[in-house]
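Below: the structure, in structure tokens.
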Amino acid sequence: MEHAELSPQEISLFMELGRAAKACLQAEGACIELLGQPGAEMLECSTWAVMPAFFISRTLDHREMLNWALTRGGFHKALVLLDLRHADKATHQAHLLDRYAMVRLALLQDNTATLALASRGRFLDKAQALAGLFPEGTSWSFLVGMDTLARVLEPKFDQEPSRDIQDLFSRASFLVFERPGWSHVSLPEGLQGRIRLARLPEPLREISSSNIRMARQLGLPWKHQVTPQVAEFIERTGLYLGTPDIYEPRRKALERLMEEAQGG
Numbered sequence: 043m044e045h046a047e048l049s050p051q052e053i054s055l056f057m058e059l060g061r062a063a064k065a066c067l068q069a070e071g072a073c074i075e076l077l078g079q080p081g082a083e084m085l086e087c088s089t090w091a092v093m094p095a096f097f098i099s100r101t102l103d104h105r106e107m108l109n110w111a112l113t114r115g116g117f118h119k120a121l122v123l124l125d126l127r128h129a130d131k132a133t134h135q136a137h138l139l140d141r142y143a144m145v146r147l148a149l150l151q152d153n154t155a156t157l158a159l160a161s162r163g164r165f166l167d168k169a170q171a172l173a174g175l176f177p178e179g180t181s182w183s184f185l186v187g188m189d190t191l192a193r194v195l196e197p198k199f200d201q202e203p204s205r206d207i208q209d210l211f212s213r214a215s216f217l218v219f220e221r222p223g224w225s226h227v228s229l230p231e232g233l234q235g236r237i238r239l240a241r242l243p244e245p246l247r248e249i250s251s252s253n254i255r256m257a258r259q260l261g262l263p264w265k266h267q268v269t270p271q272v273a274e275f276i277e278r279t280g281l282y283l284g285t286p287d288i289y290e291p292r293r294k295a296l297e298r299l300m301e302e303a304q305g306g
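Note that this note's numbering gives residue 180 to position 138 of the sequence shown, counting from 1, and the numbers run on in steps of one.
Structural data, given as structure tokens:
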């Protein structure tokens, strides 16, 4: 089927990602692997907005969150982390390689952000790895929605949640964007100063990856929620139609490519 076909450009790009993913997953402890080593002047930048890219579709609100951080939030550079493993989210059909492609199309077209792989999904693991990535004295914050902050404060996989939350917030601060239905999250005592709230324009606050998947399956309008490049990619690959046999040939092709890239 046409959806299984991969262009030469995709094969080259995905092989590079597969090799980087192997190195990242084989590292001892939590690892963050930069994709396309940035120049020294980028690493020396003093303030970074760090966006974990565990969302499945790359929507306009994610793009606007980055823009807000860089134009109004006081950050100089942005780092987008693509999770190789999720702590509490399923991948909802899209293969890692296609999620990588959508991140590039949605968030990296204007060179305002650097992309990296994260070997682990927990925010504490990311914070520990980032401490070894940035030069001493670098200031940075996680860039998330209010729904994500709620999950951070109620972790499912931490053996000692209270201690791990305190450890996380001693290492990292958060720039948090309000989400519909998440107007308030109770913060543990002493953490308020580590969280900064922001608001997107009203139309963008209603956008979500789950809404896009549902609308596409039901035949409802959805393209207004993503960039034109991402919309074209979703249509071309057969993503999110709710009919497994349409996307499955491409998924299998991507799995074979990933195995080849990792020497499997």
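Where a beta carbon is used, it is the ideal one built from N, C-alpha and C, also for glycine.
Next item on the list: Report yes or no: do three or more beta-carbon pairs, one from the stretch 252-259 and one from the stretch 209-222, lie closer than 8 Å?
Entry: Because the criterion of three Cβ pairs below 8 Å is not met, the stretch 252-259 and the stretch 209-222 do not touch.
Next item on the list: Please classify Met43: does DSSP put it in a helix, a strand, or coil?
Entry: As a working note, residue 43 is residue 1 in the sequence shown. Because the pLDDT at Met43 is just 38, under 50, the model does not fix this residue reliably, and the value given afterwards should be weighed accordingly. Residue state, collapsed to three classes: coil.
Checklist line | Identity of the residues DSSP links to Lys119 by a beta bridge | finding: Translated into the one-based positions of the sequence shown, residue 119 becomes position 77. Its beta-bridge partners are Trp90.
Next item on the list: Use the C-beta contact count for Thr279: other C-beta atoms within 10 angstroms, 16 or more gives buried, fewer gives exposed.
Entry: Working through the sequence shown from its first residue, we reach residue 279 at position 237. Buried.
Margin query: Taking 8 Å as the threshold (C-beta atoms), are Thr154 and Phe117 in contact?
Written below: Translated into positions along the sequence shown, residue 117 becomes position 75. Translated into positions along the sequence shown, residue 154 becomes position 112. Going by C-beta atoms, Phe117 is not nearer than 8 Å to Thr154.
Note to self: Check for me: the alpha helix (DSSP H) holding Leu126 runs from which residue to which?
What the structure shows: Sequence index remark: in the sequence shown, residue 126 carries index 84 (1-based). Element bounds for Leu126: n/a, residue is neither H nor E.
Note to self: With H, G and I counted as helix, E and B as strand and the rest as coil, what does DSSP make of Val227?
What the structure shows: Taking the sequence shown and counting its residues from 1, the one referred to as residue 227 is at position 185. Residue state, collapsed to three classes: coil.
Check: Hey, Ala171 and Ile74: beta-carbon distance below 8 Å or not?
Finding: One-based indexing of the sequence shown puts residue 171 at position 129. One-based indexing of the sequence shown puts residue 74 at position 32. Yes, these two residues count as a Cβ contact at 8 Å.
Check: Taking the C-alpha atoms as reference points, what is the distance between Gly115 and Leu121?
Finding: Within the sequence shown, residue 115 is the residue found at index 73, counting from 1. Within the sequence shown, residue 121 is the residue found at index 79, counting from 1. If I take the Cα positions, the gap works out to 14 Å.
Next item on the list: Compare the Cα-Cα distances from Ile207 to each of Leu102, Met188, Leu229, Leu55 and report the closest residue.
Entry: In the sequence shown, counting from the first residue as 1, residue 207 sits at position 165. Comparing Cα-Cα distances from Ile207 to each of Leu102, Met188, Leu229, Leu55, the minimum goes to Leu229.
Item checked: For Glu297, three-class secondary structure by DSSP -> Position 255 of the sequence shown holds residue 297. Of the three classes helix, strand and coil, the one that applies to Glu297 here is helix, per DSSP.
Next item on the list: Between the Cα of Asp125 and those of Ser54, Leu67, Leu150, Gly179, spot the shortest distance and give me the residue it belongs to.
Entry: Position 83 of the sequence shown, counted from the first residue, corresponds to residue 125. The option with the nearest alpha carbon to Asp125 is Leu67.
Margin query: If you measure between the beta carbons of Leu262 and Val227, is that distance less than 8 Å?
Written below: Working through the sequence shown from its first residue, we reach residue 262 at position 220. Working through the sequence shown from its first residue, we reach residue 227 at position 185. No; because the gap between Cβ atoms is not below 8 Å, this pair is not in contact.
Item checked: Cβ shell of Pro243 (< 8 Å), same chain only, five flanking positions each side left out -> Mapped onto the sequence shown, residue 243 falls at position 201. Excluding residues within five positions, the ones whose Cβ falls inside 8 Å are Glu106.
Item checked: Backbone CA spacing between Leu138 and Leu48 [nearest angstrom] -> Locating residue 138 in the sequence shown gives position 96, where the first residue counts as 1. Locating residue 48 in the sequence shown gives position 6, where the first residue counts as 1. So the alpha carbons of these two residues sit roughly 15 Å apart.
Next item on the list: Along the beta strand (DSSP E) that carries Ile237, what are the first and last residues, could you check?
Entry: Here residue 237 refers to the residue found at position 195 when the sequence shown is read from its first residue. Element bounds for Ile237: 237-240.
Check: Helix, strand or coil for Asp130 per DSSP?
Finding: Along the sequence shown, read from residue 1 onward, the residue named residue 130 stands at position 88. Note that Asp130 has pLDDT 47, beneath the 50 cutoff, so the model's placement of it is unreliable and the number below is only indicative. Correct three-state label for Asp130: coil.
Item checked: Supposed contact pair Ala158 and Leu210 - C-beta distance, whole angstroms, cut 8 Å -> Reading the sequence shown from its first residue, position 168 is the one you call residue 210. Reading the sequence shown from its first residue, position 116 is the one you call residue 158. In this structure Leu210 is not in contact with Ala158, their Cβ atoms being roughly 19 Å apart against a cut-off of 8 Å.
Checklist line | Phe184 - DSSP class collapsed to helix/strand/coil | finding: Taking the first residue of the sequence shown as position 1, residue 184 is located at position 142. Collapsing the DSSP output to three states places Phe184 in a strand.
Next item on the list: Measure from the alpha carbon of Gly71 to the alpha carbon of each residue in Gln304, Ser54, Lys168, then state which is nearest.
Entry: To locate residue 71, count along the sequence shown from 1; it is residue 29. Gly71 has its Cα closest to that of Lys168, out of Gln304, Ser54, Lys168.
Notebook entry, point to check: Do you know offhand how far Ala69's Cα is from Leu260's?
Noted result: Taking the first residue of the sequence shown as 1, we reach residue 69 at position 27. Taking the first residue of the sequence shown as 1, we reach residue 260 at position 218. Roughly 42 Å separates the two Cα atoms.
Next item on the list: Kindly indicate which three-state DSSP category Arg278 falls into: helix, strand or coil?
Entry: Counting from 1 along the sequence shown, the entry for residue 278 is found at position 236. Helix, per DSSP.
Check: Glu75 lies in the beta strand (DSSP E); which residues open and close that run?
Finding: Indexing the sequence shown from 1 puts residue 75 at position 33. Residues 74-76.
Next item on the list: Can you grab the Cα-Cα spacing for the pair Thr269 / Arg141, in whole Å?
Entry: On the sequence shown, position 227 is the one that residue 269 refers to. On the sequence shown, position 99 is the one that residue 141 refers to. For Thr269 and Arg141, the distance between alpha carbons rounds to 14 Å.
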